[in-house]
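Comments concern the structure below.
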Amino acid sequence: MAFVALAVPAAAQPLPLDTIDQTDLIGKVNEKSVLPALSVVTANQLNTLDAQGNNALVATAANGLKFEVNFRACDDAEAEIPEGTDRHCKAMYMISVWEALSPDQEADIQTALSAFLKDNPAINAGRLSDGAPYIVRYVIADYGTKQGNLVSEFANFIRSATDFQNTVSPFYPQ
65 MAFVALAVPA AAQPLPLDTI DQTDLIGKVN EKSVLPALSV VTANQLNTLD AQGNNALVAT
125 AANGLKFEVN FRACDDAEAE IPEGTDRHCK AMYMISVWEA LSPDQEADIQ TALSAFLKDN
185 PAINAGRLSD GAPYIVRYVI ADYGTKQGNL VSEFANFIRS ATDFQNTVSP FYPQ
């Protein structure tokens, strides 16, 4: 993961909700098609490449939370995309990763993570092999999704990731 989630206020502001048609069906889920909905709930968005070289988005919420949006199950995964054609993905996931935690409080950290997951069953959270906490939410969109649904998915992820940050922050040195 090439970024770490931090809680610093973002300088830009999200776009007003009325800048999108919430009933508009997005048939191709990709870095271009989700950008309007993402712009409604985040302050900044940046196109980037993930670790596998696929297009991804890095977004910053108004509260400073950073997260990455990655796309999977793309029809064009094995083929080159013709010029002017957008790739069609059937799934995306949003992920935030924080700096690695010290293993000194392993039992307390695991207890906090278990409690968080019990209260948030629609999300996955844990620690990477280096001890870095992460939170991830998968979105399946086999047949597309509406702009309003994307707004809700992004907003719910930001809320959950902010709650997760509040769960893990006591384990960092002050």
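According to this note's numbering, numbering within the sequence shown proceeds without interruption in unit steps and concludes at 238.
Built from N, CA and C at the ideal position, the CB exists for glycine as well.
Values in this document were obtained by computation on a predicted structure and should not be read as measured data.
Return helix, strand or coil for Gly91, following the three-state DSSP convention.
coil
Please name the residue or residues paired with Ile187 in a DSSP beta bridge.
Bridge partners of Ile187: none, in fact.
Which residue wins for smallest C-alpha separation from Lys210, given the options Asp139, Pro100, Leu113 and Phe235?
When only C-alpha atoms are compared, the closest one is Pro100.
What are the boundary residues of the beta strand (DSSP E) that Thr112 is part of?
Asn108 to Leu113
Contact under 8 Å by Cβ, Ala225 with Phe135
no
Mind checking who Ile199 pairs with in its DSSP beta bridge?
Ser160 and Ala189
Test item: CB-CB of Tyr157 and Arg201 under 8 Å
Cβ atoms of Tyr157 and Arg201: closer than 8 Å.
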